[in-house]
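Accompanying notes for the structure given below.
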Amino acid sequence: MNLWRKKSLDQLIEFAQTKTGLNKTLGAFDLTLLGIGAIIGTGIFVLTGIAAAEHAGPALVLSFVLAGLACGFAALAYAEFAALCPVSGSAYTYSYATLGEFMAWLIGWALILEYGLASSAVSIGWSAYFVKLIEGLGFHLPAALVNPPAGGGIINLPAVIIVLIVTTLLSIGIRESARVNNIMVFIKMAVVLLFIGVGVWYVKPANWSPFMPYGVSGIWSGAAIVFFAYIGFDAVSTAAEEVKNPQRDLPIGIVSSLAICTVLYIIVSAILTGIVPYSQFKGVSAPVALAMQVAGQNWVAGFVSIGAIAGITTVLLVMMFGQTRVFFAMSRDGLLPPFFSKVHPRFATPFVSTWLTGLIVAFVAGFVPIGIVAEMVNLGTLSAFVFVSIGVILLRRQRPELKRPFRCPGVPFTPSLAVLFCTFLMGSLPWITWKLFLIWMSAGIVVYFLYGYSHSKIAAPAGKANTSEK
Numbered sequence: 001m002n003l004w005r006k007k008s009l010d011q012l013i014e015f016a017q018t019k020t021g022l023n024k025t026l027g028a029f030d031l032t033l034l035g036i037g038a039i040i041g042t043g044i045f046v047l048t049g050i051a052a053a054e055h056a057g058p059a060l061v062l063s064f065v066l067a068g069l070a071c072g073f074a075a076l077a078y079a080e081f082a083a084l085c086p087v088s089g090s091a092y093t094y095s096y097a098t099l100g101e102f103m104a105w106l107i108g109w110a111l112i113l114e115y116g117l118a119s120s121a122v123s124i125g126w127s128a129y130f131v132k133l134i135e136g137l138g139f140h141l142p143a144a145l146v147n148p149p150a151g152g153g154i155i156n157l158p159a160v161i162i163v164l165i166v167t168t169l170l171s172i173g174i175r176e177s178a179r180v181n182n183i184m185v186f187i188k189m190a191v192v193l194l195f196i197g198v199g200v201w202y203v204k205p206a207n208w209s210p211f212m213p214y215g216v217s218g219i220w221s222g223a224a225i226v227f228f229a230y231i232g233f234d235a236v237s238t239a240a241e242e243v244k245n246p247q248r249d250l251p252i253g254i255v256s257s258l259a260i261c262t263v264l265y266i267i268v269s270a271i272l273t274g275i276v277p278y279s280q281f282k283g284v285s286a287p288v289a290l291a292m293q294v295a296g297q298n299w300v301a302g303f304v305s306i307g308a309i310a311g312i313t314t315v316l317l318v319m320m321f322g323q324t325r326v327f328f329a330m331s332r333d334g335l336l337p338p339f340f341s342k343v344h345p346r347f348a349t350p351f352v353s354t355w356l357t358g359l360i361v362a363f364v365a366g367f368v369p370i371g372i373v374a375e376m377v378n379l380g381t382l383s384a385f386v387f388v389s390i391g392v393i394l395l396r397r398q399r400p401e402l403k404r405p406f407r408c409p410g411v412p413f414t415p416s417l418a419v420l421f422c423t424f425l426m427g428s429l430p431w432i433t434w435k436l437f438l439i440w441m442s443a444g445i446v447v448y449f450l451y452g453y454s455h456s457k458i459a460a461p462a463g464k465a466n467t468s469e470k
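In the UniProt record's numbering, the protein residues as written are 1 to 470.
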């Protein structure tokens with residue numbers, strides 16, 4: 001039994017240059033907005049208040065710096081792999097070529113958890129903001145239609161509807177999805193900049209004292225929570241096969257989207273805790289809107305709600321997009337059934353995996369109350385970041401002669417710092433999160449041995465390996 005068999009990197013690079021059935025329509029600008037679309041959303045509009053009140057206080061700015069550093073180091077590793085091997089699947093595909101099939105399967109399984117739970121959680125958050133917005137306009141939905149059974153209702157209908165709308169959009173085509181994403185990104189960027197431009201005049205420096213009420217440990221635990229706010233830049237690399245010039249544009253999209261969002265997060269968190277004493281954010285699900293209400297700028301608070309809906313919509317779109325492309329890559333390798341990689345003859349999208357993803361996410365969002373979701377998603381993502389960073393170090397040693405369109409600077413130190421930061425953040429998450437994560441990964445191991453190992457394409461005869469589903 002060979003659990004560590006690897007895909008040929010040369011074949012992956014050659015395959016990336018061939019036609020796969022997916023339309024190549026995206027450029028650096030689209031990828032940057034795709035990354036911003038995934039990153040700015042639930043984290044900044046919801047989790048900033050929780051992290052400030054319960055973990056870091058005004059030192060939330062340092063939590064964002066630490067989480068941003070961890071993501072920044074990992075982003076450079078992602079950029080090297082994405083430019084070298086622009087194939088759908090992100091961390092899963094990179095690990096297949098460097099760490100072997102079994103580790104790649106575990107990472108792919110973790111990515112399914114990341115994108116799936118993030119999509120469900122984000123759609124529930126979208127529903128809450130939507131209900132709040134229409135109530136402000138005088139419309140009220142029955143409680144039974146906006147809460148799951150465990151919450152005293154029947155179904156969270158707005159969450160289900162937004163998932164199905166996004167699923168339809170993704171099944172039509174990436175070009176159309178990117179256009180909608182770009183519009184939504186401009187809306188939420190305008191709202192974030194409006195908040196900064198107005199809020200900076202209402203900051204009271206006295207609210208920043210004490211600066212570290214929970215000590216250094218609070219900064220680290222805060223970083224582990226707000227890390228959720230950075231999730232998304234890795235989804236840029238899942239679009240590799242739909243990029244016109246991936247060797248140039250993928251690194252630009254990954255690094256620039258993360259850099260822009262990190263700067264915005266630091267500024268927004270400083271203004272938030274400067275306007276409202278950190279303790280008042282406890283139990284608040286809309287901290288940015290609250291800050292504007294405290295400042296007496298209710299008109300801005302209304303725009304913030306609109307921006308939050310736009311922001312969360314783009315996160316949902318990119319997270320569901322990422323999950324379908326991971327399914328697509330794993331199926332094409334034979335580790336999942338072939339219907340996951342079927343491409344629609346007209347729209348050139350993996351329509352089966354898109355609708356299967358949409359229906360599962362809609363079911364969870366509509367009927368299941370999501371708890372500890374941010375931590376579960378963070379753990380799956382951090383593990384993928386660790387393995388991608390290790391993969392860059394290993395590949396530099398194994399294949400130093402490869403032409404790399406983008407080189408991660410400071411190897412092995414930069415990816416080693418990514419491993420160090422990400423591992424430390426993983427250790428800051430609660431035990432219950434680890435327990436649930438281990439249960440999920442154990443289920444994945446069972447699936448691999450029951451199906452994936454025996455159906456793997458690289459276990460097939462030489463002439464049949466590494467072929468794609470048409």
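Yeah, the Cβ is synthetic: ideal placement off N, Cα and C, and Gly gets one too.
I'd like to know whether the C-beta atoms of GLU80 and PHE424 end up nearer to each other than 8 angstroms. no
Quick check on this structure: which residue in PRO350, PHE327, HIS455 has the alpha carbon closest to the alpha carbon of residue 538? Within the shown structure, residues of the chain are numbered from 1 to 470, placing residue 538 beyond reach of any answer.
Supposed close pair GLY27, ASP249 - CB separation, criterion 8 angstroms: With 8 angstroms as the limit, GLY27 and ASP249 qualify as a contact, their Cβ atoms being about 6 angstroms apart.
Quick one: Cα of GLN11 to Cα of ARG404, how far? 15 angstroms
Quick one: Cα of residue 531 to Cα of PHE321, how far? Limits of the chain in this structure are 1 at one end and 470 at the other, which puts residue 531 out of reach.
For the putative contact between ALA289 and SER305, defined by C-beta atoms under 8 angstroms, what is the C-beta separation to the nearest angstrom? 6 angstroms
Cut-off 6 angstroms between Cβ atoms - residues of its own chain near ALA91, not counting five sequence neighbours on either side: ILE107, ALA384, VAL388
Report buried or exposed for PRO86, applying the criterion of at least 16 other Cβ atoms within 10 angstroms of its Cβ. buried
Candidates TRP299, ASN2, LEU34, GLN323: closest to PRO251 by CA position: LEU34
Tell me, which residues are paired with VAL411 by DSSP? None; VAL411 has no bridge partner.
Can you check which of these residues, GLY72, ARG346, MET426, THR93, is closest to ALA239 by C-alpha distance? THR93
Assuming contact is defined by CB atoms lying nearer than 8 angstroms, are THR354 and THR381 in contact in what I supplied? no
Taking the alpha carbon of ASN182 as the reference point, which residue from SER256, ASP30, ILE390, ARG5 has its own alpha carbon closest? ASP30
If I measure Cβ to Cβ from ILE393 and keep anything under 6 angstroms in the same chain, skipping five residues before and after, which residues do I get? PRO412, PRO415
Distance between ILE219 and HIS55 (C-alpha atoms, nearest Å): 7 angstroms
Please report the Cβ distance between PHE186 and VAL377, rounded to the nearest whole angstrom; I am assuming they are in contact, meaning their Cβ atoms lie under 8 angstroms. So it is not a contact: roughly 26 angstroms between Cβ atoms.
Sub-8 angstroms separation of GLN247 and ALA83 beta-carbons: yes
Ranges of the alpha helix (DSSP H) found wholly within the segment 138 to 201, counting only runs of at least 4: 157 to 172, 174 to 199
So if DSSP puts VAL226 in a beta bridge, which residue, or which two residues, is it bridged to? VAL226 pairs with nothing; no bridge assigned.
Enumerate in chain order the residues of its own chain whose CB-to-CB distance from SER257 is below 7 angstroms, with the five nearest sequence positions on each side excluded. THR32, GLY35, ILE36, ILE39, PHE233, VAL236
With three or more C-beta pairs closer than 8 angstroms as the rule, is the segment 50 to 65 touching the segment 273 to 284? The segment 273 to 284 vs the segment 50 to 65: in contact.
State yes or no: is the beta carbon of LEU157 nearer than 8 angstroms to at least one beta carbon in chain D? The structure shown contains no chain D; it holds only a single protein chain.
Within the same chain, show all residues whose beta-carbon is closer than 8 angstroms to that of LEU429, passing over the 5 residues directly before and after it, in chain order. ALA224, GLU375, ASN378, LEU379
With respect to the alpha helix (DSSP H) encompassing PHE102, which residues constitute its N-terminal and C-terminal limits? 101 to 136
Sequence ranges, alpha helix (DSSP H) only - wholly within the segment 273 to 349, length at least 4: 287 to 294, 298 to 332
Cβ distance (whole Å) where ILE95 is taken to contact GLY391 below 8 angstroms: The residue you asked about is not Ile; residue 95 is Ser in the sequence shown. That belief holds up - the Cβ atoms of SER95 and GLY391 are roughly 6 angstroms apart, short of 8 angstroms.
Report the rounded CA-to-CA distance for LEU194 versus ARG332, giving the unit in angstroms. Distance from the CA atom of LEU194 to the CA atom of ARG332, rounded to whole angstroms, is 45 angstroms.
What residues are listed by DSSP as bridge partners for LEU26? VAL243
Would you mind working out which of THR357, GLY151, LEU111, MET441 sits nearest THR167, comparing C-alpha positions? It is THR357 whose Cα lies nearest to the Cα of THR167.
Per-residue burial, ILE458 [other beta carbons within 10 Å of its own, 16 or more giving buried]: It is buried - the Cβ of ILE458 has at least 16 other Cβ atoms within 10 Å.
Who are the Cβ neighbours of THR467 in its own chain at under 6 angstroms, not counting the five residues just before and after it? Because the pLDDT of THR467 is 37, which lies under 50, any placement of that residue in the model is unreliable, and the number read from its coordinates should be weighed accordingly. Taken in chain order, the list of residues that qualify is empty.
Please confirm if the segment 65 to 72 is in contact with the segment 257 to 266, defined as three or more CB-CB distances below 8 angstroms between the two stretches. The segment 65 to 72 makes contact with the segment 257 to 266; the number of CB pairs closer than 8 angstroms reaches 3 or more.
Between the beta-carbon of ALA308 and the beta-carbon of MET184, is there less than 8 angstroms? In this structure, ALA308 lies away from MET184, with their beta-carbon atoms at least 8 angstroms apart.
To the nearest angstrom, report how far apart PRO210 and ILE112 are at their CA atoms. 40 angstroms
Taking its Cβ as the centre, do 16 or more other Cβ atoms sit within 10 Å of GLY334, making it buried, or is it exposed? buried
Taking the straight line between their C-alpha atoms, what separation do you get for TYR451 and GLY444? 10 angstroms
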